[in-house]
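> Just so you know, we're using our numbering here: the sequence shown kicks off at 101 and counts up by one. Provided herewith is a single structure, encoded as structure tokens, for subsequent inquiry.
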Amino acid sequence: MAKALNPSIAKEKSEDLAIAIVELKRDEAIDMVKRRCEKGEKPLQIFDECRRGMIIVGERYQKGEYFLSELMMSAEL
């Protein structure tokens, strides 16, 4: 019988990285990138997910929901 995966690990989805970036959770985003690299995920896939998060941050900046500091912080991540 196959061993069940830890639900918190199994449920980590690719969009979780974008969400961490949108919510400006720096340490969480960095940990996700490290885990995904260790699992052998392609760097371009990881970058694409980061880009999606930055696009959302940019949209929030345009709407006046985020300020320049949040925009710059998301780019640093």
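Glycine is no exception: its CB is placed at the ideal position from the N, C-alpha and C atoms.
To which residues of the same chain is residue 171 closer than 7 Å at the C-beta, ignoring the five residues directly before and after it?
If we look at residue 171 and ignore the five residues flanking it on each side, its Cβ neighbours are 157, 158 and 161.
> How about residue 173 and residue 124: are their beta carbons less than 8 Å apart?
In contact: residue 173 and residue 124 (Cβ atoms closer than 8 Å).
> Which residues in the same chain have their Cβ closer than 6 Å to the Cβ of residue 106, if we skip the five residues on either side of it in sequence?
In this prediction, residue 106 scores a pLDDT of 38, lower than 50, which makes its location untrustworthy; no coordinate-derived value is stated.
> Report back the beta-carbon spacing between residue 121 and residue 133 to the nearest angstrom; my notes put them in contact at under 8 Å.
At roughly 10 Å, the Cβ-Cβ gap does not stay under 8 Å, so residue 121 and residue 133 are not in contact.
> Going by C-alpha distance, which of 165, 149 and 138 is nearest residue 177?
For the residues 165, 149 and 138, the minimum Cα distance to residue 177 belongs to 149.
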